[in-house]
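Counting from 1, one number per residue, gives the positions in the sequence shown under UniProt numbering.
Remarks on the structure that follows.
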Amino acid sequence: MEPALHHIDAHLGEPLRLEALAELCGLSVWRFATVFRQRMGLSPYRYVSERRARHAQDLLRQGVPPARAASEAGFYDQSHMNRRLKLLCGLTPSEARQPAPAR
1 MEPALHHIDA HLGEPLRLEA LAELCGLSVW RFATVFRQRM GLSPYRYVSE RRARHAQDLL
61 RQGVPPARAA SEAGFYDQSH MNRRLKLLCG LTPSEARQPA PAR
């Protein structure tokens, strides 16, 4: 899984194809999806979506404008990012801009 995880992190802002990720690991698409879910606890699609949402949140906290944050995090547009942030993080873009609470 390491080659696929590294590729995902290095290319979050680009379209990611399941076939390409599977090929990096030397697996069929079906086998890759199965092994990925077993090891990561999430489907590849969900994992990428969550990584993109966290990346967008980090960018927003750094003061990056929402449209640019959406593009850099790999979302189709700002509206797509807004929906994903709400679904995956429970945050609106303005809430995502707030600093993380101290633990």
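Don't be surprised by glycine CBs; every beta carbon is placed ideally from N, CA and C.
Quick one: measure Cβ to Cβ for Ala33 and His55, integer angstroms, because I've assumed they're closer than 8 Å.
As a first step, residue 33 is located in the sequence shown; it is residue number 33 there, counting from the start. As a first step, residue 55 is located in the sequence shown; it is residue number 55 there, counting from the start. Contact flag wrong, Cβ pair sits at about 22 Å.
How would you label residue 104, buried or exposed, when you count the other beta carbons within 10 angstroms and need 16 or more for buried?
There is simply no residue 104 to check, as the chain begins at 1 and stops at 103 in what is shown.
Taking the alpha carbon of Arg51 as the point to measure from, which residue in Trp30, Met81, Glu95 has its own alpha carbon closest?
For this step, residue 51 is matched to residue 51 along the sequence shown. Out of Trp30, Met81, Glu95, Met81 has the C-alpha closest to the C-alpha of Arg51.
Contact defined as beta carbons within less than 8 Å: I believe Ala53 pairs with Leu85. What is the distance between those atoms, to the nearest angstrom?
Looking up residue 53 in the sequence shown gives position 53. Looking up residue 85 in the sequence shown gives position 85. Indeed they touch by this definition, with Cβ atoms about 6 Å apart.
Would the segment 27–46 count as touching the segment 60–80 if we require 3 or more Cβ pairs under 8 Å?
no
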